[in-house]
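Peer 1: The structure under discussion is supplied below as structure tokens; questions concerning it will follow.
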Amino acid sequence: MTEREVNARRPHAVVIGGGITGLAAARLLLRGGARVTVLEGSPRIGGKLRVSEIAGLPVDEGAESMLARRPEGLELVRDLGRAGDLVHPGTTSSAIFSHGALRPLPSGQVMGVPTDLAALARAQVLSPKGLARVPLDLVLPATPRGAADVSVADYVGARLGREAVDRLVEPLLGGVYAGRVEKLSFEATMASVAAASRGHRSLIAAVRGLRQGASDNTGPVFASLPDGLGALPHLVADAITAEGGTIRTDAMVRELRRTPTGWRLTVGPARDPEYLEADAVVVAVPAAPAARLLADEVPAASRELARIDYASMAIVTLVYPVSAFPRLPRVSGYLVPAVENRDVKAVTFSSIKWPHLRRNAPDLIAVRCSLGRYGEEHTLQRDDEDLRAAAVTELAATCGLTELPVASRVTRWGGGLPQYNVGHADVVARIRAAVAGQPGLAVAGAAYDGLGVPACIATARAAATRVLEHLDSRGELRHGNGEGEQAQGARPEPGDPLHDVVGLPGEDAR
1 MTEREVNARR PHAVVIGGGI TGLAAARLLL RGGARVTVLE GSPRIGGKLR VSEIAGLPVD
61 EGAESMLARR PEGLELVRDL GRAGDLVHPG TTSSAIFSHG ALRPLPSGQV MGVPTDLAAL
121 ARAQVLSPKG LARVPLDLVL PATPRGAADV SVADYVGARL GREAVDRLVE PLLGGVYAGR
181 VEKLSFEATM ASVAAASRGH RSLIAAVRGL RQGASDNTGP VFASLPDGLG ALPHLVADAI
241 TAEGGTIRTD AMVRELRRTP TGWRLTVGPA RDPEYLEADA VVVAVPAAPA ARLLADEVPA
301 ASRELARIDY ASMAIVTLVY PVSAFPRLPR VSGYLVPAVE NRDVKAVTFS SIKWPHLRRN
361 APDLIAVRCS LGRYGEEHTL QRDDEDLRAA AVTELAATCG LTELPVASRV TRWGGGLPQY
421 NVGHADVVAR IRAAVAGQPG LAVAGAAYDG LGVPACIATA RAAATRVLEH LDSRGELRHG
481 NGEGEQAQGA RPEPGDPLHD VVGLPGEDAR
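Residues in the sequence shown are numbered from 1 upward in steps of one, following our numbering.
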């Protein structure tokens, strides 16, 4: 029997979506013994990971780093044989623009919750009144919680006061989700903090315990690649095709229907459709297209997916000569609270944060400015020149820049960030319960358990495991996982996705 005939007899798994989640799932399915096709509706793979050159420097247009203290992303890079290429920030120190000035992000904070009250006072992020309110958390009675989810603003505000929410917690979560703390789920967006808080009357005491438990982990917090994190999807895609998988772009899946033996996918334009048969399918696209695809066969999951809202944002990348800076920044970037009413919500000094960029272009400083929050569609309705001008004005005000950038780029991410609003964990549980009733079907991606690259890869592993177990139960797999990274069956924990999103300077920017 020829190799082609052998491949034709392997069960066919189709992955819908060519972002990092879909590609990671495809590689695991391929190594698990399936014949794999990835269908990406757009002209390019990578999803929210994208990098391009500006002034000769490879600067990410989307997520620029991944959490290195969570294993999934590093394991993928290691499996690709590129662990030696990983780069780490030269500094993770950040600032906050508060009460009209740049101030240091207080040391000892976790997701904006302070643990060192002296450091909080020195930072001068809060007004005297706001600062005096924070330590009351240590003596106030416990805030009733029960089993129901609550918003970040409601719980953290009850413990630390509203100003601490607005000027410490909101900027950090805003950098990740571009969301509103009045809507964001405490349990889903600050999972480790929320879990710890159930064992303590004081939120500060709970977070102090978290920090003590994490004190042994002294390795780098974040990691990327020399050519940008946007290079990672292409490395995975190259490995998939080298191992016999198929990746197609401009292949929009319009319909997904169950058949007696598996699934049928309708691909391409209505006037000239193509039909693909699959033994199993992984849906690795954002919530809205996933809801449309599952509407006929899994309506309960479709209804829940339709409840997940998304925020839009833009990244303005500017490159300045070093001479434009009266003095070089000492921080990787800064955050801007929504209450400051400024267009820019976060700034990353990319050439300061990533030493390899500075080494490659010592006379240039690349800066990424993030604009847009949930409900601020009017900000993104401005044309590119207006957004560019807003970013230039911001840097002139905060850094004293008087020269214009030598290069600029505007990247828009419409509907790019899922909102983990109150009740999100229950929504995800109902989606998974409905999908579990459909053998050979799995969902994965940023809409479920975390926005960062490691969290997305964790959902890919869980989806691939579910599909491989289904195919194996039918006796269709002829061998198990190949060498290297293995599919993992455990459902990923929702952890704090404070890492590779698009605009958070000390973390990784989205």
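Built from N, CA and C at the ideal position, the CB exists for glycine as well.
If you're wondering where the values come from, they're calculated on a predicted model, not measured in any experiment.
1. Which residues in the same chain as alanine 301 place their Cβ atom closer than 7 angstroms to its Cβ, once the five residues preceding and following it in sequence are excluded?
2. Going by C-alpha distance, which of Glu64, Ser93, Val38 and Val150 is nearest histidine 424?
3. Between valine 298 and glutamine 109, what straight-line distance do the alpha-carbon atoms span, to the nearest angstrom?
4. Can you give the beta carbon distance from alanine 284 to alanine 25, rounded, assuming they're within the 8 angstroms contact cut?
5. Taking buried to mean at least 16 other C-beta atoms within 10 Å of its own C-beta, is proline 286 buried or exposed?
6. Just to confirm before moving on: does the CB-CB distance between valine 339 and serine 350 stay below 9 angstroms?
7. Can you tell me the Cα-Cα spacing of threonine 348 and leucine 404, whole angstroms?
8. With DSSP as the reference, label tyrosine 155 as helix, strand or coil.
9. Which of helix, strand or coil does DSSP assign to asparagine 421?
10. What are the boundary residues of the beta strand (DSSP E) that includes aspartate 60?
11. Could you name the residues of the same chain whose beta carbon sits closer than 6 angstroms to that of arginine 466, not counting the 5 residues immediately before and after it, in chain order?
12. Could you name the residues of the same chain whose beta carbon sits closer than 6 angstroms to that of alanine 194, not counting the 5 residues immediately before and after it, in chain order?
13. Check the DSSP bridge columns for glutamate 376 and list the partner residues they point to.
14. Buried or exposed: where does asparagine 421 fall if 16 or more other Cβ atoms within 10 Å of its Cβ makes it buried?
15. Could you check what DSSP says for leucine 80 in three-state terms: helix, strand or coil?
16. Taking the alpha-carbon positions, what's the threonine 218 to valine 207 distance?
17. Would you list the one or two residues that DSSP bridges to valine 281?
18. Report yes or no: do three or more beta-carbon pairs, one from the segment 400 to 415 and one from the segment 317 to 333, lie closer than 8 angstroms?
19. Determine the DSSP secondary structure at phenylalanine 512, reduced to helix, strand or coil.
20. Taking the runs of the beta strand (DSSP E) that are 3 residues or longer, which of them lie wholly in the segment 114 to 164?
21. Count Cβ pairs between the segment 161 to 170 and the segment 109 to 120 that sit closer than 8 angstroms; are there 3 or more?
22. When the Cα atoms are used, what is the spatial distance from alanine 237 to isoleucine 45?
23. Hey, lysine 345 and glycine 375: beta-carbon distance below 9 angstroms or not?
24. Beta-carbon separation of valine 125 and glycine 161 under 9 angstroms?
Peer 2: For this structure:
1. By one-based count along the sequence shown, residue 301 stands at place 301. The beta carbon of alanine 301 lies closer than 7 angstroms to those of Leu294, Ile431, Ala434 and Val435 in the same chain, with the five residues before and after it left out.
2. As a position in the sequence shown, residue 424 is number 424, starting the count at 1. Nearest C-alpha to histidine 424: Val150.
3. Position 298 of the sequence shown holds residue 298. Position 109 of the sequence shown holds residue 109. So the alpha carbons of these two residues sit roughly 42 angstroms apart.
4. Here the question's residue 284 lines up with position 284 in the sequence shown. Here the question's residue 25 lines up with position 25 in the sequence shown. At roughly 6 angstroms, the Cβ-Cβ gap stays under 8 angstroms, so alanine 284 and alanine 25 are in contact.
5. Position 286 of the sequence shown, counted from the start, is the residue given in the question as residue 286. By the neighbour-count rule (16 or more Cβ atoms within 10 Å), proline 286 is buried.
6. In the sequence shown, residue 339 corresponds to position 339, counting from 1. In the sequence shown, residue 350 corresponds to position 350, counting from 1. Contact flag unset, no.
7. In the sequence shown, the residue the question calls residue 348 occupies position 348. In the sequence shown, the residue the question calls residue 404 occupies position 404. Each residue's Cα considered, the two are about 17 angstroms apart.
8. As a working mapping, residue 155 is identified with position 155 in the sequence shown. Here DSSP, grouped into helix, strand and coil, assigns tyrosine 155 to helix.
9. Counting from 1 along the sequence shown, the entry for residue 421 is found at position 421. Asparagine 421 falls in the strand class under three-state DSSP.
10. Taking the sequence shown and counting its residues from 1, one reaches residue 60 at position 60. Residues 57 to 60.
11. As a first step, residue 466 must be located in the sequence shown, where it is residue number 466. Beyond the five residues adjoining it in sequence on each side, arginine 466 comes within less than 6 angstroms, by CB distance, of Ala442 in the same chain, given in chain order.
12. Taking the sequence shown and counting its residues from 1, the one referred to as residue 194 is at position 194. Hits under 6 angstroms: Phe186 and Glu187.
13. Counting from 1 along the sequence shown, the entry for residue 376 is found at position 376. The beta-bridge partner set that DSSP reports for glutamate 376 is empty.
14. Counting from one through the sequence shown, the residue named residue 421 turns up at place 421. When all chains shown are included, asparagine 421 counts as buried.
15. On the sequence shown, residue 80 is found 80 positions in, with the first residue counted as 1. Here leucine 80 sits in coil by DSSP.
16. Locating residue 218 in the sequence shown gives position 218, where the first residue counts as 1. Locating residue 207 in the sequence shown gives position 207, where the first residue counts as 1. Rounded to the nearest angstrom, the two C-alpha atoms are 18 angstroms apart.
17. As a position in the sequence shown, residue 281 is number 281, starting the count at 1. According to DSSP, valine 281 shares a beta bridge with Val14 and Leu441.
18. yes
19. In the structure displayed, the chain extends from 1 to 510; residue 512 sits before or after that span and is not available.
20. none
21. yes
22. What you label residue 237 is simply residue 237 of the sequence shown in a count that begins at 1. What you label residue 45 is simply residue 45 of the sequence shown in a count that begins at 1. Going from the Cα of alanine 237 to the Cα of isoleucine 45 covers about 8 angstroms.
23. If you number the sequence shown from 1, residue 345 lands on position 345. If you number the sequence shown from 1, residue 375 lands on position 375. For lysine 345 and glycine 375, no; Cβs fall outside 9 angstroms.
24. Here residue 125 is taken as the residue at index 125 of the sequence shown, counted from 1. Here residue 161 is taken as the residue at index 161 of the sequence shown, counted from 1. In this structure, glycine 161 does not lie closer than 9 angstroms to valine 125 by Cβ.
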